[in-house]
Structure formats: structure tokens, C-alpha cells
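Numbering (our numbering), first residue to last: 4 to 717. Let me begin by presenting the structure, written as C-alpha cells, before commenting on it.
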């Protein structure tokens, strides 16, 4: 069990009136400005007891937050504080202010307890096939000896797992004892739900006399009768896939005639897992399964990735939650930062979020939006300076991207902003040509606007390159500006959005959509940015072009399995899918539609493929684990400490690189600032090389380090 370091963020008076030494110091109250510091839920650490008591389970640690409390005539107030199920201590803090010169604060602590307490020692995350000791601690807080029976039940996806033997133990007054079971995590589980109950046994049972058994309870209860203590809890563990099922091939087709497609399970795939997933939909605006899977499983968490995932999944609640945290991500100039701890924001990220949010029709808080727009204006005018992550001449490209975001405002683009940019679209990458076209499209008062729009359209048309049904660009090799979050896939999807309502491109639009879909690999585009733009592009294409309803029946047959859907008027953009099991050997998947319209079919080849040998693709990684503290030499056990050494060799320069190193279930990566961390063990950490992480994450499953730029070499 871990304990958090003391949480002192509520001590406003100490922060405002700190003791200063007899010397010259530079002080600032900038960290106390509202919007930069939080004295509420965000200031509370995870775990119970306000950071002082052992973390019992993930219950809400903030019982009540009330910004204003009315006082009576005597200056007193009464507040009801609801307690939750945590058996721990809580701190109650009151802060009072009056006028400009009166300030006061006070606090008190309370503790909830009971005679018999049950504490969970389960790891929050385990992996499939893990075998571990599921431990619980029983504590006798009374002054009498207590014979206790411990009963546990565990279920996965609503199905009960094999029963666990009840445990019998006798606790002395004040004694705590650890009890557990050996558990193996089943395959294909996503969560383990535990119901555990500890009940004080009748003393007659201890003497061997017959006693009527008590029915187990599933909720925490108080004592049923004097002298009979009981405690029970529900707790869940998340189960991660040891060998995850992933889409290894995918295709999207419009069913205009019967199709026969050969399928076969990959040779190294784990039998009994995966299959051929068939999805039917009347419109492309429905769910894109490969994109949804990619974004749902995406593990990284910078601001761009969170925003792109919210857009791509069409999850407005996730977007709104991110927007509430937006002020924390703005730097002093108003530019967005990839992570809160960074000092400087990015003009590229700021322009992208303004543009994609506007395209999706989702709101950005007015105050933050105005600050971001003002920062981009300052960047275009040269008052706000940000250098590129790569030493390359990309300032004009970044300014054009900023202008594209600013062109979405009600205020017109100032023609003077173009004076610092050499207008040479033939020399620009495709992304800049698209930005330039959209700036002109929304700015009718710019000089030579129509002439320049026609020129941009001609450049875009001349760069299109179709290979079969897949769309590409003749400048594709130089269009991959990864440090600016630009790829050929994002260019293809932005092209659809830019030209969707252009009369000269209307007849070409279905072919362009097929070409963009042809760029997908494993059912999705290559970056989170490209997937966000792609989802928006297909939605708007569907609204404009897919007006014919689908009727009749669509059938997919794979050997003995058959998937049939009868279309109705109410189906709209709904998605209907089924996973068909892999056949024992190569077989044909038959697709047919009987009726009107042309339904879209998405086929996904899903399998769990274990990595049999080392794989190197752009980076070579050598991992070495060295025991620092080991109870039994050569054997790992609970409490042992190990050091992981990673040696990484890059084959080329790259920006925004993530080192993602998994840790065993139940283990903790030291260095998180927890009370259980060892400064002596952590101080031996060494980082060699010329790069340093911009941000680090230590989660229950992995250690992650994000690097803004990694040069070629070791």
C-alpha cells in the first residue's frame, strides 16, 4: 500500500504570508492567480485520507466543495458533509475573507472507523494469464479477540469465476493480518469484479458447535448485532491484454454486386481469438471501426492526441472536459502547450485545435479562444516568436497555417499580415497550399483573391496522383512534415473538406473519397490528426452526397456462419456488425445485397499475434533489468526493486518520440513523488545522451517519456 506525500495546497495563509530570510529575494504570486492554481478537486491527490492514510480503494477523496457559505447574524454557519465508504481520515478546511484586509482559515480532522476493517491489496491493473496473489488485510480495531471468516467472489464480464475457498482467521485486539488467494486472470477478460466480505464468526463455531450460516452481503454494512462485526467491499481490477487483438488488415467497399473474398487466419495468431469482423452501414457518416479502435486504444495523452481522439470518436463529453482544462495548457502568450508542465506553447498546435474545433462545430471557451487567436495574430505579426523543433525554414508554412485558423473568425484577415510571407504556392508543401486556398476562400477582400484561388486549385489538381483507387500526391515525399503534425493522409482528408462545395470538383468527389479510404492501413489513417480530419470529411461527404436510402437485405456468409441485416428507414447512419470466427483453413467470405441502394461494408482481419523475435523499425532498443534489492537471489518477489536500463539507437532524426516501457502488474515505477518512494534508490537513475524528455508519465502499466526531438544516433 502506498501513501501520498502530505497535501499542503489548502494552506493558503502559509502560502500568502511565508517567512522570508534577511536577504534579497524575488517573489511572485503568479501561481496563485485563478486559472493557474486549483484549490479544489484538482489539488487533492489520489487515494484516501487527504494524502496521509493508506490508499484503500479509488473512492472519491473530495467529500464536499462549497465556494460560498452564508453566515448567520453571529457569523456562524452549519454545513452537512456527507461521508462516503472510505474508512480513513478527512480534513475539513474553512477559508474566510472579508473586504481587502481580512482573511482567516481553520481546519479540523475526522476519522471514520469500525471494529472490523477490510483493506484491499489488489493491483489496479493486471494482464491476461497473470498468476498473482490476491491479498486483503483484515484489521481488528476492537478490544476483543475476533474469529473472522473471509469470503470472496470474483466475476469477469458478469460470469462468475471458479469459487474461492473461504478463509478462517482469529485476530487479537488491534491485530492486522494479510489473507489472500492465488488467482489466474482468464483470457479475454476486460475487468475482474470482486465482492469480498469479512464476518465475525460466532464463538460457538470456534468451539465446534453447529451454527446456522449467514448469507453473505455485497455492500458495506454496519454491525448486524452487538458483538458481531462485519465488513464488505466491492472492488474492480482492469485487465489489460497481454497479446492484444488488433486489426491487421481492413478494407472498405461499397457493395454494388456480389463479392467473394478469400480469408485465412494468420499463421502465428493465437487460436480461438479474433476473427473476421463484418460491419454494414448505409452511410459513411456512420462508425469507422478501424478508426474507432485505433483512437480508443491510443495510449498517449498530449493535448493534440486528446483533442484528436475526442473529434475522431465524436465524443463531445470528452471534448468538453478537455476544454474545461484548456486554461492550464495556455502559456503566457496564449499559445497551447502539448503538456501542462512545458514552458512554451506551440503555434502549430494552437492553429490545429482552433481549426479542427471549428470544423467539428464544437465550442472552445470564449476567453481561451480569444487568447489563442490573439497569440496567433502576434505570431503572424512577429511579436510572438516560436522556433521550429527542427532546424529548417518552415516559418512561412507555420504562418499560413495560423492564418487559416484565424480566417475562421468573424473578423476579416488583414492583408498586411501577408507582407511577411513570400506568396509562392508552387514551392509550398501541399498542406500550405490547402491552408492558402482556405484563407482565400473565406477572405473575399484580399487582393487578387479569385486569381490566387484558381491558381491554388490548379496546383492541387496537378499534384493529385491515383494508383488504382488510392489517392496520392506527386509531392508526397516532401509533404510529410511530421514535426508540424502534417502527413499525406491528413492532406488527403483536408483536401476533401476544402473542395467539398467547389462546383468544379463535385464530380470528382466520390473518387477522391475512395482514394482517401484507400490510404488507410489496418482500417485507419496514419496519425491521430489525420483520423480526426478524416472522420469530419466523411461526415460532410455523406451529408452532401449519400441521399439514396438503402433497402432490402445484405448478407455475409463465411462457411457455416451467416450474418444478415434487413434495412429499414430508421437505420440511417447506424452500424451493424458481427465478428465471424476464423475458419480452420482458407475459405471464401461471400457478400451479397438484395434490394435498393449500395451499402458500405467494412471488413477487418482481427488477430492476436505475439511477437516471437525482436523487431526493429527505425529504432533499435536494448532493455536490461538489474535487481537492486532481491529477497531471494534469482527469484522475484513482492517488495523487490529493479532498475531498467534502456539503450536506444535512432536511425534518423525525429520529433515527438515516445519511449513506452511496460512494467509488471502490481509494480510501481519509482520517482512519482509518492511517500513510499525511495530517494536513495531513485538517485541512481542516469540519463545519457543529448536529449531530455519534455514530459514523463508513470502509470500502473508503463513508464512513458515524451521527447520533443531525438537526433540520429545512440
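Beta carbons are placed, not taken as given, at the ideal position from N, Cα and C, and that holds for glycine. Just so you know, these numbers come straight off a predicted model, no measurement behind them.
Span separating the alpha-carbon of residue i from that of residue j
{"i": "residue 471", "j": "residue 514", "result": "11 Å"}
{"i": "residue 292", "j": "residue 609", "result": "12 Å"}
{"i": "residue 215", "j": "residue 243", "result": "Note that residue 215 scores 48 on pLDDT, short of 50, meaning its location in the model is unreliable and no value can be drawn from it."}
{"i": "residue 264", "j": "residue 248", "result": "22 Å"}
{"i": "residue 2", "j": "residue 202", "result": "Because the chain here runs from 4 to 717, residue 2 falls outside it and cannot be looked at."}
{"i": "residue 311", "j": "residue 411", "result": "19 Å"}
{"i": "residue 254", "j": "residue 536", "result": "19 Å"}
{"i": "residue 233", "j": "residue 154", "result": "11 Å"}
{"i": "residue 408", "j": "residue 360", "result": "10 Å"}
{"i": "residue 261", "j": "residue 593", "result": "7 Å"}
{"i": "residue 194", "j": "residue 465", "result": "53 Å"}
{"i": "residue 646", "j": "residue 82", "result": "49 Å"}
{"i": "residue 708", "j": "residue 650", "result": "14 Å"}
{"i": "residue 59", "j": "residue 534", "result": "Because residue 59 carries a pLDDT of 37, less than 50, the predicted location of this residue cannot be relied on, and no value is offered for it."}
{"i": "residue 198", "j": "residue 166", "result": "12 Å"}
{"i": "residue 712", "j": "residue 271", "result": "36 Å"}
{"i": "residue 50", "j": "residue 64", "result": "Bear in mind that the predicted position of residue 50 carries a pLDDT of just 36, short of 50, making it unreliable; the figure below should be weighed with that in mind. Their Cα atoms are separated by approximately 7 Å."}
{"i": "residue 584", "j": "residue 273", "result": "13 Å"}
{"i": "residue 297", "j": "residue 113", "result": "46 Å"}
{"i": "residue 319", "j": "residue 572", "result": "27 Å"}
{"i": "residue 696", "j": "residue 344", "result": "12 Å"}
{"i": "residue 617", "j": "residue 300", "result": "23 Å"}
{"i": "residue 560", "j": "residue 521", "result": "24 Å"}
{"i": "residue 252", "j": "residue 542", "result": "23 Å"}
{"i": "residue 530", "j": "residue 632", "result": "41 Å"}
{"i": "residue 406", "j": "residue 358", "result": "10 Å"}
Delimiting residues of the alpha helix (DSSP H) encompassing residue i
{"i": "residue 497", "result": "491-502"}
{"i": "residue 532", "result": "531-548"}
{"i": "residue 457", "result": "452-466"}
{"i": "residue 513", "result": "512-520"}
{"i": "residue 444", "result": "433-445"}
{"i": "residue 323", "result": "319-327"}
Where the beta strand (DSSP E) through residue i begins and ends
{"i": "residue 652", "result": "644-653"}
{"i": "residue 298", "result": "That residue, residue 298, is in no beta strand (DSSP E); its alpha helix (DSSP H) goes 292-300."}
{"i": "residue 605", "result": "603-610"}
{"i": "residue 314", "result": "From DSSP, residue 314 is part of no beta strand (DSSP E) but of the alpha helix (DSSP H) over 306-315."}
{"i": "residue 595", "result": "590-597"}
Contact test: residue i Cβ vs the ligand GDP heavy atom, cutoff 7 Å
{"i": "residue 152", "result": "Among the components of this structure there are no ligands whatsoever, and the ligand GDP is therefore not found."}
6 Å Cβ shell around residue i - same chain, five flanking residues per side excluded
{"i": "residue 340", "result": "332, 334 and 348"}
{"i": "residue 377", "result": "337"}
{"i": "residue 13", "result": "96"}
{"i": "residue 627", "result": "648"}
{"i": "residue 549", "result": "286"}
{"i": "residue 605", "result": "255, 282 and 292"}
{"i": "residue 187", "result": "134"}
{"i": "residue 196", "result": "158 and 239"}
Cut-off 7 Å between Cβ atoms - residues of its own chain near residue i, not counting five sequence neighbours on either side
{"i": "residue 107", "result": "99"}
{"i": "residue 456", "result": "440, 443 and 444"}
{"i": "residue 589", "result": "265 and 267"}
{"i": "residue 449", "result": "416, 418 and 443"}
{"i": "residue 295", "result": "316"}
Check whether residue i and residue j have beta carbons under 8 Å apart
{"i": "residue 397", "j": "residue 338", "result": "no"}
{"i": "residue 435", "j": "residue 400", "result": "yes"}
{"i": "residue 476", "j": "residue 433", "result": "yes"}
{"i": "residue 250", "j": "residue 598", "result": "no"}
{"i": "residue 174", "j": "residue 157", "result": "no"}
{"i": "residue 575", "j": "residue 363", "result": "no"}
{"i": "residue 277", "j": "residue 611", "result": "yes"}
{"i": "residue 499", "j": "residue 516", "result": "yes"}
{"i": "residue 554", "j": "residue 528", "result": "no"}
{"i": "residue 342", "j": "residue 305", "result": "yes"}
{"i": "residue 389", "j": "residue 438", "result": "no"}
{"i": "residue 596", "j": "residue 579", "result": "no"}
Own chain residues within Cβ distance below 8 Å of residue i, not counting five before or after
{"i": "residue 715", "result": "653, 654, 655 and 656"}
{"i": "residue 321", "result": "309, 312 and 313"}
{"i": "residue 371", "result": "326, 329, 330 and 333"}
{"i": "residue 429", "result": "462"}
{"i": "residue 17", "result": "11"}
Residue-level contact to chain D via CB, residue i, 8 Å cutoff
{"i": "residue 195", "result": "Given the protein chain composition of this structure (a single chain), no chain D is represented."}
Inset, instruction - Write down every uninterrupted run of the alpha helix (DSSP H) in the segment 360-418 whose length is 4 residues or greater and which is fully enclosed by it, in chain order. - result: 369-384 and 398-409
Inset, instruction - Any chance you could list the beta strand (DSSP E) runs of at least 3 consecutive residues sitting entirely within the segment 233-296, in chain order? - result: 233-243, 249-257, 262-266 and 278-284
Legend entry - Completely contained beta strand (DSSP E) runs for the segment 92-151, where each covers 3 or more residues: 92-101, 105-114, 119-123, 128-130 and 134-143
Inset, instruction - List in chain order: all unbroken beta strand (DSSP E) runs of 3+ residues lying wholly within the segment 467-491. - result: 467-470 and 473-476
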